[in-house]
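What follows is a set of notes on a single structure, which appears directly below.
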Amino acid sequence: MSTPVVSTTRTVTGKCDELALRHNALTHPYTLAPNPLLERQAARESNARSYPRRIPLALKRAHGIYVEDVEGRIFIDCLAGAGTLALGHNHPVVIEAIQQVMKDGLPLHTLDLTTPIKDRFIQDLFDILPVDFARDAKVQFCGPTGSDAVEAALKLVKTATGSGTILAFHGAYHGMTQGALQLMGSLGPKKPLNSIQHGVQFLPYPYDYRCPFGLGGEAGVRAGLHYIDTVLNDPECGVPRAAGMIFEAIQGEGGVIPAPDAWIRGIRELTAKADVPLIVDEVQSGFCRTGKMFAFEHAGVTPDVVTLSKAIGGSLPLSVVVYRGELDQWAPGAHAGTFRGNQMAMAAGSATIRFLRAERLHEHARQVGERLASGLRQLQSYFPQIGDVRGRGLMIGVEIVDPEGGRRDNASRPPPTTPALARAIQNECLRRGLIIELGGRHGSVIRFLPPLVITERQIDHVLEIFTISLQTATKFSCVENFIYEEMGVRE
29 MSTPVVSTTR TVTGKCDELA LRHNALTHPY TLAPNPLLER QAARESNARS YPRRIPLALK
89 RAHGIYVEDV EGRIFIDCLA GAGTLALGHN HPVVIEAIQQ VMKDGLPLHT LDLTTPIKDR
149 FIQDLFDILP VDFARDAKVQ FCGPTGSDAV EAALKLVKTA TGSGTILAFH GAYHGMTQGA
209 LQLMGSLGPK KPLNSIQHGV QFLPYPYDYR CPFGLGGEAG VRAGLHYIDT VLNDPECGVP
269 RAAGMIFEAI QGEGGVIPAP DAWIRGIREL TAKADVPLIV DEVQSGFCRT GKMFAFEHAG
329 VTPDVVTLSK AIGGSLPLSV VVYRGELDQW APGAHAGTFR GNQMAMAAGS ATIRFLRAER
389 LHEHARQVGE RLASGLRQLQ SYFPQIGDVR GRGLMIGVEI VDPEGGRRDN ASRPPPTTPA
449 LARAIQNECL RRGLIIELGG RHGSVIRFLP PLVITERQID HVLEIFTISL QTATKFSCVE
509 NFIYEEMGVR E
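All residue numbers for the sequence shown refer to the numbering used here, where the first residue is 29 and numbers rise by one.
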């Protein structure tokens, strides 16, 4: 279905067009050498800094899907603030909303006092929630990050149920604060912290390519639901009654793994019968990214609690938790925080929500996402190092594997991951002006999270860069067949 999105991306006037032309005209690949800003950053910032280690850039300007570094090099941004920049960098409707707040002399900081901006933002938010959910919903403003929203959700359900046990999933990522970190499937970040597993029980997530039951497909879904049913209802399973179950409809940091709709419907039915609140983390997948306003809507279910952040603030820090009214049992002041009243973020968030709806960007994300996924799957037939292509809308992952390793280890299982090759592909993409991120098991999944305003032509350019980068990193020699025959790209 065609949408007017292509024309709306051009409202970034000459700035975005100029960057696009310069990106196309520059000689590739770039030489990524240290510069004084990066050197000072490495000297002064903590050892915990992460993105500059993989994406060593110092940025000075950005418009639409493009960013420019201090050395004048142009990059297509398919990371987009880890999904924060739904409308791309410096979209006119966002800039206008922020400027209007400043022009009108409105308060920038209000704790949790109400304002006309906040009231409008809440209305815009409730307008995009499923009708049956919005009818009785409550919202709590949590602070700047998605981790804050997750912390609030945990406190909410524990207060409402009187239980201290949370059910989470293998491969999950819900943030890096202490409470959210307990829910993470990966042990690496938790290893230095003692006793961080307390009160969390982990369940198998339906990772179809590497099914934890060795089944995959419908059989894997049935096995997973049977296991969860046992945990929820068997008094001899060793798991106390849960305060809540938290999951991602698409695991993002965990490797862009979409849960099957049937599985989501199944856990909704099981948790409802067991009277266990179901929390869905939409921090990264929400706001049209997957082809629906929220990823859980693909399954046609209604959760009890939804955590939201990233795109909700229109590129500025903001997070909320929305939940069924009957869970609203915490006392006044039970969850507080200084930076819950970011007025510019609420204004930018309202502008973003209204633009998403007016331009039907969920349809556009689905359309161009299918184009990107289709191109990547065609690549898979040329590159055996691509083990799996998966995702929804503009949230897509490519799992990089060692095709020979599967033959050596066990031909019936998927080949082992190759994080070193994934890093090499990421680096080759960066040298050719494309920013992508890694995630998943051992960092072997290449993740695409471009702004939702990306056009089909820009998608084709991304595919071309990615193809050449794959060729270089894998030293594969037949790439021209894909570029010229499959994609139909001819200069």
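Quick reminder that beta carbons are idealized off the backbone N, C-alpha and C, glycines included.
Residue nearest to residue i in terms of C-alpha spacing, selected from the options
| i | options | result |
| --- | --- | --- |
| residue 422 | 170, 480 and 216 | 480 |
| residue 260 | 340, 451, 273 and 105 | 273 |
| residue 245 | 281, 210 and 291 | 291 |
| residue 228 | 267, 221 and 234 | 267 |
| residue 317 | 373, 210, 482 and 80 | 482 |
| residue 425 | 405, 327 and 283 | 283 |
| residue 166 | 108, 315, 353 and 187 | 353 |
| residue 146 | 124, 348, 325 and 60 | 348 |
| residue 358 | 203, 393, 188 and 104 | 188 |
| residue 120 | 376, 101, 183 and 94 | 376 |
| residue 122 | 500, 382, 201 and 443 | 382 |
| residue 209 | 174, 237, 232 and 190 | 174 |
| residue 478 | 85, 95 and 84 | 95 |
| residue 114 | 485, 398, 404 and 314 | 314 |
| residue 363 | 52, 78, 51 and 169 | 169 |
| residue 206 | 183, 190, 197 and 256 | 183 |
| residue 61 | 74, 73, 69 and 85 | 85 |
Distance CB(residue i)-CB(residue j) smaller than 8 Å
| i | j | result |
| --- | --- | --- |
| residue 342 | residue 386 | no |
| residue 199 | residue 279 | yes |
| residue 502 | residue 472 | no |
| residue 185 | residue 355 | yes |
| residue 390 | residue 461 | no |
| residue 487 | residue 417 | no |
| residue 134 | residue 143 | yes |
| residue 107 | residue 350 | no |
| residue 251 | residue 293 | no |
| residue 241 | residue 213 | no |
| residue 44 | residue 92 | yes |
| residue 392 | residue 104 | no |
| residue 374 | residue 154 | no |
| residue 178 | residue 59 | no |
| residue 193 | residue 270 | yes |
| residue 415 | residue 427 | yes |
| residue 410 | residue 281 | no |
| residue 399 | residue 484 | yes |
Coarse secondary structure for residue i, derived from DSSP in three states
| i | result |
| --- | --- |
| residue 369 | coil |
| residue 46 | helix |
| residue 276 | coil |
| residue 130 | helix |
| residue 500 | helix |
| residue 76 | coil |
| residue 414 | strand |
| residue 326 | helix |
| residue 241 | coil |
| residue 113 | coil |
| residue 430 | coil |
| residue 152 | helix |
| residue 445 | strand |
| residue 105 | strand |
| residue 221 | coil |
| residue 465 | strand |
| residue 456 | helix |
Beta-carbon contacts of residue i that lie in its chain and below 7 Å, excluding the five residues immediately before and after
| i | result |
| --- | --- |
| residue 138 | 369 and 371 |
| residue 112 | 338, 339 and 343 |
| residue 171 | 347, 365, 367 and 368 |
| residue 239 | 248 |
| residue 330 | 158, 160 and 161 |
| residue 296 | 306 and 329 |
| residue 431 | 412, 413 and 443 |
| residue 304 | 260, 270, 272 and 273 |
Sequence-distant residues of the same chain with beta carbon closer than 6 Å to residue i, five excluded per side
| i | result |
| --- | --- |
| residue 307 | 181, 272, 274 and 333 |
| residue 287 | 234 and 277 |
| residue 89 | 96 |
| residue 285 | 235 and 279 |
Identified DSSP bridge partners for residue i
| i | result |
| --- | --- |
| residue 286 | 278 |
| residue 91 | 94 |
| residue 423 | 420 |
| residue 197 | 231 |
| residue 333 | 307 and 351 |
| residue 476 | 424 |
| residue 270 | 193 |
| residue 168 | 349 |
| residue 185 | In the DSSP output, where bridge partners are listed per residue, residue 185 has none listed. |
Cβ shell of residue i (< 8 Å), same chain only, five flanking positions each side left out
| i | result |
| --- | --- |
| residue 454 | 82, 464, 465, 466 and 474 |
| residue 164 | 352, 353 and 354 |
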